[in-house]
Amino acid sequence: MVIPKHGERISKIDAYLNCAENFAFRSTCIKRKYGAVIVKDDAVISTGYNGSPRNLENCCDIGQCPRIRLNMHQGEGYGICRAIHAEANALLNCSREQTVILRQGDGPDNYKIVPASELIWHQ
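Quick note on the UniProt record's numbering: the sequence shown kicks off at 1 and runs consecutively.
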């Protein structure tokens, strides 16, 4: 979280990154907490967090993660994972002419398929 020094303002990008970090607290995934903010013309047009898609039970609500239950490690078993990425959730309700801002994640190379005009990534 970027916190301004007394009497100073944080940049817009840092404000959006803080927003993404806060939305990560809404995550329904038991293992990881990620948030995303989609911005167009300096206005937030969508937000998202990782978790189950609509109409599918959340791991946090049923109290178990299928990957944890099967003792899978990082990089294994994503085919049985209920969750979708934070940026995927944010993109479900907006157009494709936007900037996607991610506070955490696997790195920009893993987001080549994100349909955005600009990707800003910070860990």
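We treat Cβ as the ideally placed atom computed from N, Cα and C, and that holds for glycine. Treat the numbers as computed from the prediction; the structure is a model and nothing was measured.
Checklist entry - DSSP three-state call for I62: helix, strand or coil? => result Here I62 sits in helix by DSSP.
Next on the checklist: If I follow the unbroken beta strand (DSSP E) through Y49, where does it start and stop?
Outcome noted: From DSSP, the beta strand (DSSP E) with Y49 extends over 43 to 49.
Next on the checklist: Could you check whether N55 and T28 sit closer than 8 Å to each other, using their CB atoms as the reference points?
Outcome noted: Not a contact, by the Cβ cut-off of 8 Å.
Checklist entry - Where does K40 fall in DSSP's three states? => result Strand, per DSSP.
Next on the checklist: Check for me: the alpha helix (DSSP H) holding N71 runs from which residue to which?
Outcome noted: Neither: N71 is in no alpha helix (DSSP H) and is coded neither H nor E.
Checklist entry - Roughly how many whole angstroms lie between the Cα atoms of R69 and L17? => result C-alpha separation (whole angstroms): 32 Å.
Checklist entry - Quick one: Cα of M72 to Cα of I84, how far? => result Taking the straight line from one Cα to the other gives about 17 Å.
Checklist entry - Around the Cβ of F23, are there at least 16 other Cβ atoms within 10 angstroms (buried) or fewer (exposed)? => result Residue burial annotation: F23 is buried, with at least 16 other C-beta atoms found within 10 angstroms of its C-beta.
Checklist entry - Do you know whose CA, among I45, S52, I38, V44, lies nearest K31's CA? => result Nearest of I45, S52, I38, V44 to K31, Cα basis: S52.
Checklist entry - From residue 130 to P4, what does the alpha carbon distance come to, in whole angstroms? => result Coverage of the chain is limited to positions 1 through 123, which leaves residue 130 absent and any answer about it impossible.
Checklist entry - So, is I101 buried or exposed, given that buried needs 16 or more other C-beta atoms within 10 angstroms? => result Burial call: buried.
Item to check | C19: first and last residue of the uninterrupted alpha helix (DSSP H) it sits in | outcome: C19: member of the alpha helix (DSSP H) spanning 12 to 24, first to last residue.
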